[in-house]
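These protein sequence lines map, in sequence, to chains U and C. Residues in the first sequence are numbered from 1 upward in steps of one, following UniProt numbering. Residues in the second sequence are numbered from 1 upward in steps of one, following UniProt numbering. These notes concern the structure reproduced below.
Number of protein chains: 2
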Amino acid sequence: MTLASDLTDLTARDWETGPEGVVRFAVVGLGGFARNAALPALVEADYCEPTVVVSGSAEKADRIAAEFDADHGLTYEAYADGAARDAYDAVYVVTPNALHLPHVETACEFGKGILCEKPLEATPDRAEAVVSACETAGVPLMTAYRMQTDPVVRRLRELVRSGGIGDPIQLHGGFSIDVLGGSRGPDQWRLDRDLAGGGALMDVGVYPLNTARFLLDGDPTAVAGTTSGDGPFADVDESVAFQLRFPEDVTASFTAGFSGDGERFLTIRGSEGTVELRNAFSVGGERRVRVRRDDGEIDLTGPGTDEVREEFDYFADAVLSGWDIGPDGQDGLTDVRAMQGVYESAASDEWVEL
Amino acid sequence: MTLASDLTDLTARDWETGPEGVVRFAVVGLGGFARNAALPALVEADYCEPTVVVSGSAEKADRIAAEFDADHGLTYEAYADGAARDAYDAVYVVTPNALHLPHVETACEFGKGILCEKPLEATPDRAEAVVSACETAGVPLMTAYRMQTDPVVRRLRELVRSGGIGDPIQLHGGFSIDVLGGSRGPDQWRLDRDLAGGGALMDVGVYPLNTARFLLDGDPTAVAGTTSGDGPFADVDESVAFQLRFPEDVTASFTAGFSGDGERFLTIRGSEGTVELRNAFSVGGERRVRVRRDDGEIDLTGPGTDEVREEFDYFADAVLSGWDIGPDGQDGLTDVRAMQGVYESAASDEWVEL
């Protein structure tokens with residue numbers, strides 16, 4: 001094994017079967033990520049098409065539908081009532097976290113496949129209800145972990161899982177954004193505990209958490225953490241630092257934030273090498289990878305693949321071809337439980353077993 | 001303030017008063033670090049001179065004395081009995097951790113200044129006894145935190161303390177070495193809990209811990225951690241991950257290790273920028289610094305100053321000129337207490353208040 005061969009063919013879709021047809025999507029929720037990242041990705045995707053958009057505002061729904069050539073703009077009420085239900089095959093749920101469940105239940109009622117944004121829901125109980133509803137209805141459910149369909153991250157997973165850095169020992173990672181810097185300021189659902197279930201941890205801390213689980217192929221067994229926040233962040237965590245214990249004595253030390261200088265990195269130190277992933281979690285970002293081993297070092301800048309488009313095509317290929325989705329509902333539920341554990345630990349000053 | 005001016009004059013000795021005379025050192029303990037780093041640094045230092053070396057073996061003491069032109073090679077017993085006590089002004093204690101106290105007590109008895117290796121002792125009680133003995137004797141005591149006399153680290157401290165990255169929010173850091181890779185293999189005091197007081201945390205984890213406290217000008221209020229180790233590391237921590245809570249909601253997520261791929265880094269994310277220090281803790285290493293702010297980014301490689309020589313001259317200047325030593329005994333004691341807290345937390349699965 002050489003470093004070069006481990007990391008070449010960066011854009012390969014190792015999951016692709018090349019199905020016939022397309023999956024027609026209803027996009028439920030038209031916030032900034034839906035309009036700026038998801039809908040453009042759906043338009044560009046090979047196996048997807050946005051045919052329905054759903055918003056709280058009929059006017060906005062119509063306007064966005066026209067912008068992206070979707071056939072229908074619906075209100076949430078109309079969606080719940082089954083309007084245009086024959087015009088889509090799957091729904092992409094991209095509302096505030098605590099509204100995922102009812103939209104998922106609607107999709108289940110109509111037998112639609114579901115791609116649901118992370119975190120899967122605002123609490124473990126509600127996330128369990130999402131998973132359970134989809135199982136009962138027999139519809140496919142994917143948690144929208146775009147890092148898992150980022151080609152560079154998938155190559156890293158191959159490297160790590162094949163022993164490319166020996167046995168993983170310790171991880172560090174962080175993802176922080178300036179959540180007040182956007183157009184919404186402090187008046188946004190991400191700062192509302194009821195709607196979001198938490199703050200920086202739920203919104204961005206979930207990225208290093210889930211990506212670590214993906215790379216390691218393991219789930220944490222215990223967590224401890226520290227949260228803080230005041231002012232606009234009085235209701236949720238502005239900053240969080242959390243440590244995870246994984247099997248085989250692996251630990252992960254992660255941070256997340258809603259303010260301050262941005263960061264987005266993940267490193268894994270192993271028995272025989274270290275990988276560093278920089279610009280790790282930005283949308284469509286040019287990932288920077290450094291792999292250091294005794295036999296050499298590689299610095300690599302990824303091609304900046306649109307991993308959101310990859311995510312939609314991954315989901316569509318799985319649905320059309322019938323293979324099992326990696327980031328399924330259970331994957332999302334595991335993270336919601338772990339994050340709830342971090343909050344419990346921050347409140348109790350004790351480690352929380354998962 | 002500009003980035004460039006914050007970090008220029010990298011080698012400046014901001015503490016230097018240029019005293020007359022030299023401090024004659026007895027080097028107590030002649031392990032690898034003493035022979036390969038400390039004695040060469042003493043020979044090169046401006047205000048120091050090695051005049052006595054002390055070892056368990058008379059033959060070794062004589063041989064090393066000859067090698068470094070020291071006037072006396074002593075056994076520990078001879079040192080304790082006051083042999084050649086007029087030939088040195090200060091002692092540098094560089095024995096296994098749990099032997100620091102008796103050698104410090106000897107130095108106190110003879111009224112000598114003391115530069116004592118980190119960690120100050122193997123337990124908080126014994127570290128307190130070191131501090132107390134020096135206070136009672138009225139002799140200067142410095143804990144040998146060479147990072148505090150590394151010019152690049154001192155420039156970073158100026159940058160951080162002057163608000164160069166705004167308010168610090170979160171730190172990450174790690175220091176891991178291959179402790180079995182040296183000539184001693186598993187037969188060494190660093191793997192003996194009685195002699196070392198612990199494993200990777202005590203030996204190398206103390207570096208990010210103390211450097212963080214130095215850069216932040218603050219002490220942790222609580223700690224949590226995870227330790228692991230088996231085989232040759234059954235007695236001590238082979239790996240440790242620990243989180244520290246500092247005042248003002250600052251957190252630090254640190255790791256240390258005695259095996260696996262080496263790492264040595266420290267980062268501080270602040271409200272207005274981030275600093276990354278690479279190759280942070282190696283002896284005489286070319287530190288690599290990246291400072292990222294809204295107004296620009298600097299990548300800088302330090303000159304590879306011998307911070308051990310700086311440490312000796314810093315101590316000597318302080319002793320000769322009579323100014324207060326920064327990394328004093330209390331500084332060392334604070335770290336021993338914090339590390340003891342990490343071990344308690346790892347055993348109890350609870351946060352430990354400091």
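Backbone N, C-alpha and C define an ideal beta-carbon position, used for all residues, glycine too.
Do residue i and residue j have their C-beta atoms within less than 8 Å of each other?
i, j, result
"U/G304", "U/G285", "yes"
"U/V153", "U/C116", "no"
"C/Y76", "C/V104", "no"
"C/S271", "U/G260", "yes"
"U/L171", "U/T267", "yes"
"U/L216", "U/V250", "yes"
"C/P102", "C/G197", "no"
"C/V319", "C/P140", "yes"
"U/A65", "U/G73", "yes"
"C/R293", "C/L277", "no"
"C/E263", "U/R269", "yes"
"U/L195", "U/F233", "no"
"U/A133", "U/C108", "yes"
"U/P19", "U/Q148", "no"
My guess is that residue i and residue j are in contact by the Cβ rule of under 8 Å, so how many angstroms apart are they, rounded?
i, j, result
"U/V236", "U/R193", "5 Å"
"U/F254", "U/G174", "6 Å"
"C/P96", "C/F68", "The pair is not a contact, with the Cβ atoms about 21 Å apart (cut-off 8 Å)."
"U/P220", "U/A127", "Wrong, their Cβ atoms sit about 16 Å apart, outside the cutoff."
"U/D89", "U/V23", "5 Å"
"U/R146", "U/E311", "5 Å"
"C/L300", "C/V283", "Rounded, the Cβ-Cβ distance is 20 Å, inconsistent with contact."
"C/A256", "C/G205", "3 Å"
"U/A224", "C/A212", "Their Cβ separation, rounded to whole angstroms, is 19 Å, which puts U/A224 and C/A212 out of contact at 8 Å."
Buried or exposed for residue i, going by 16 or more other Cβ atoms inside 10 Å?
i, result
"C/M1", "Low confidence applies to C/M1: its pLDDT is 46, below 50, so where it sits in the model is not reliable, and the reading given next is rough at best. With fewer than 16 other Cβ atoms within 10 Å, it is exposed."
"C/D125", "exposed"
"C/W351", "buried"
"U/P247", "exposed"
"U/V91", "buried"
"C/A41", "buried"
"U/D150", "buried"
"C/D317", "buried"
"U/E297", "exposed"
"U/G182", "exposed"
"U/D187", "exposed"
"U/D86", "exposed"
"C/T11", "exposed"
"C/D9", "exposed"
"U/G164", "buried"
"U/L159", "buried"
"U/T17", "exposed"
"C/E121", "buried"
"U/Q340", "buried"
"U/D324", "exposed"
Sort the options by Cα distance to residue i and report the nearest one.
i, options, result
"C/Y207", "C/F281, C/Y88 and C/G32", "C/F281"
"U/V308", "U/A318, U/A45 and U/T17", "U/A45"
"C/W15", "C/Y314, C/S345, C/V336 and C/D349", "C/Y314"
"residue 374 of chain U", "U/A347, U/E121 and U/G56", "Nothing about residue 374 of chain U can be read from this structure; chain U reaches only from 1 to 354."
"U/V52", "U/V336, U/A83 and U/G32", "U/A83"
"C/L244", "C/R35, C/A222 and C/A316", "C/A222"
"C/V43", "C/A26, C/A12 and C/S57", "C/A26"
"C/G113", "C/L39, C/E135, C/D203 and C/L354", "C/E135"
"C/A58", "C/Y47, C/A78 and C/L39", "C/A78"
"U/T143", "U/E344, U/Q330 and U/G341", "U/Q330"
"C/G29", "C/I177, C/G138, C/K60 and C/A212", "C/K60"
"C/G218", "C/A252, C/D203 and C/G229", "C/A252"
"C/L99", "C/V130, C/R35 and C/F258", "C/V130"
"C/D203", "C/G138, C/T123 and C/S345", "C/T123"
Spell out whether any CB of chain B is found under 8 Å from the CB atom of residue i.
i, result
"U/H172", "In summary, chain B is missing from the structure at hand, where the protein chains are U and C."
Residues from the segment 237–248 of chain U in contact with chain C, defined by Cβ distance under 7 Å: Sequence-ordered contacts of the segment 237–248 of chain U with chain C read S239, A241, Q243 and R245 [C-beta pairs closer than 7 Å].
Residues within the segment 339–353 of chain U neighbouring chain C, beta-carbon criterion of under 7 Å: Listed in sequence order: D349, E350 and W351.
For the segment 217–236 of chain U, which residues have a CB atom closer than 7 Å to at least one CB atom of chain C, in sequence order? So the list reads A224, T226 and S228, given in the order they occur along the chain.
Between the segment 283–296 of chain U and chain C, which residues of the former have CB atoms less than 8 Å from a CB of the latter, in chain order? Taking 8 Å as the upper bound on Cβ-Cβ separation, chain C lies near residues R292 and R293 of the segment 283–296 of chain U.
Below 9 Å between beta carbons is the criterion; list the residues of the segment 25–51 of chain C that meet it against any residue of chain U, in chain order. So nothing in the stretch comes that close.
If you measure beta-carbon to beta-carbon, which residues of the segment 257–284 of chain U are closer than 9 Å to chain C? For the segment 257–284 of chain U, the set of positions with a beta-carbon nearer than 9 Å to some beta-carbon of chain C reads G257, S259, G260, D261, G262, E263, F265, T267, R269, G270, S271, E272, G273 and T274 in chain order.
Quick one: which residues of the segment 49–75 of chain C get their C-beta closer than 9 Å to a C-beta of chain U? List them in chain order. Cβ contacts with chain U come from no residue of the segment 49–75 of chain C.
Residues of the segment 126–147 of chain U in Cβ contact with chain C at a cutoff of 9 Å, in chain order, please. Taking 9 Å as the upper bound on Cβ-Cβ separation, chain C lies near no residue of the segment 126–147 of chain U.
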